[in-house]
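These notes are about the structure you will find just below.
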Amino acid sequence: MRVLISGGGTGGHLFPAIAVAQALSQSEPDSTLLYVGRRGGIEERVVGHYGVPLQTIVAAKLDMENLWRNWPVPFVLPRALIQSARIVRRFRPDVVLGTGGYVSAPIVLAAAAFRVPVVLQEQNALPGRTTRLLSRVARVVATAYPESAAHLHAKAVVTGTPVRKDFWQRRANFPTRPGRLLILGGSQGAHRINEAVAAALPDVLGRLGVEVWHQTGERDFQRMDALRTNLGPPGSRYHPFAFDEELARMVYSADLVLSRAGAGTISEVSAAGIPMVLVPGPFAGGHQRLNVEPYQAAGAALTIPDAECDGPRLTHELSD
């Protein structure tokens, strides 16, 4: 079986695609896989690490909040469609899987034009704009939440969010050391969380005595790294980093995860059995607030509203 997979722009669309590729390689060892991502995107750094062949296309994001930023779209989209049609024609897939993100749109449309069956995977309770539009040409949409079906134009099957096999191990031991807090803001970082962490660090490192590993994203890394040097001796327990492909290793070494509430992140962290403090982002129709509800109801996560995420609130929640 020949399977073409496309999705990306953020880890939330990329890592479920990687999880599916891993499962296919294990269950169908004779299958041939190809991943199509965005040129210059996170995919170029990550996909090869998992041994999946990668091709890239140009892609431009459609910004519905700042329409003036969409001026490249009319120029980029035709080129993306031509590149996608060429890839589909040459690879001759038996099925195309789209996991969301604007890079998947031209690939899925090209597949539909060549009458290749399309399967979509949606991680969020409220489907993204790309998935809602592309569901019109899909055979089926695999969803993580039953309520997603009401927003789709194709048959929906609840499968849960695919999780990389890196996260399906179990901690064998619990070393004697200070408590370890892992802070995640998604693959691009989260500025609101970074600001709150900067304000809370003196108390978190001093009074609570924990060790902090902090995925800052590229934009805030230098500022947070400079903060580390200004913290004095407690700063030796603060470890900021921009991004790390080996996220599973870091999650398994943590005692608590503070994170945005992207569906991919919370699925992988919960698969590892690590408790979470979640700060749902207010963007994209508030879909992250819907994502956290089952985890909060099950007692696996505590939620801090984005507008209330500041240093004192963060220190208070971590102290309890």
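Residues 2 to 321 (this note's numbering) make up the sequence shown, in order. All C-beta atoms, glycine included, are put in the ideal place defined by N, C-alpha and C.
In the pairwise beta carbon analysis, the region 302 to 320 is classified as touching the region 273 to 285: at least three pairs are separated by under 8 Å. Restricting attention to 33, 182, 88, the CA atom closest to the CA of residue 58 is found in 88. For the region 65 to 136, the full-length alpha helix (DSSP H) segments reaching 4 residues or more read 74 to 92, 105 to 114, 130 to 135 along the chain.
In the structure shown, the three-state DSSP call for residue 165 is coil. When C-alpha distances from residue 239 are compared across 149, 203, 92, 295, the shortest belongs to 203. Counted as a single uninterrupted DSSP element, the beta strand (DSSP E) harbouring residue 36 occupies residues 33 to 39.
Inside the region 225 to 269, DSSP marks whole alpha helix (DSSP H) runs of 4 or more residues at positions 248 to 253, from first to last along the chain.
Secondary structure note for residue 6: its beta strand (DSSP E) is the uninterrupted segment 3 to 7. Contact between the region 2 to 11 and the region 89 to 107 is established, with three or more Cβ pairs separated by less than 8 Å. Per the Cβ contact rule, the region 126 to 144 is not in contact with the region 41 to 51 (fewer than 3 Cβ pairs under 8 Å). Residue environment analysis places residue 132 among the buried positions, since at least 16 neighbouring C-beta atoms fall within 10 angstroms of its C-beta. Around the C-beta of residue 298, fewer than 16 other C-beta atoms lie within 10 Å, and the residue is accordingly described as exposed. For residue 86, the closest C-alpha among the options 247, 52, 311, 113 is that of 113. Looking at the backbone, the Cα of residue 122 and that of residue 211 are separated by about 38 Å. Leaving aside the five residues that flank residue 15 on each side, the residues in its chain whose CB is nearer than 7 Å to its CB run, in chain order, 8, 9, 43, 44, 47.
Spatial neighbours of residue 49 in its own chain (CB-CB distance under 8 Å, excluding positions within 5 residues in sequence) are listed in chain order as 55. Taking all protein chains in view, the Cβ of residue 221 is crowded by 16 or more other Cβ atoms within 10 Å, so the residue is classified as buried.
Assigned with DSSP and collapsed to three states, residue 59 falls in coil, not helix or strand.
CA-CA distance, residue 169 to residue 198, rounds to 29 Å. Around the CB of residue 244, 16 or more other CB atoms lie within 10 Å, so the residue is classed as buried. Straight-line measurement puts the Cα of residue 93 at about 38 Å from the Cα of residue 252. Selection 227, 73, 180 evaluated against residue 255 yields 180 as nearest (Cα-Cα). Spatial neighbours of residue 164 in its own chain (CB-CB distance under 6 Å, excluding positions within 5 residues in sequence) are listed in chain order as 20, 268, 269, 272. Between residue 314 and residue 282, the C-beta gap is not smaller than 8 Å, which leaves the two residues out of contact. Pairing residue 266 with residue 249, the inter-Cα distance amounts to about 10 Å.
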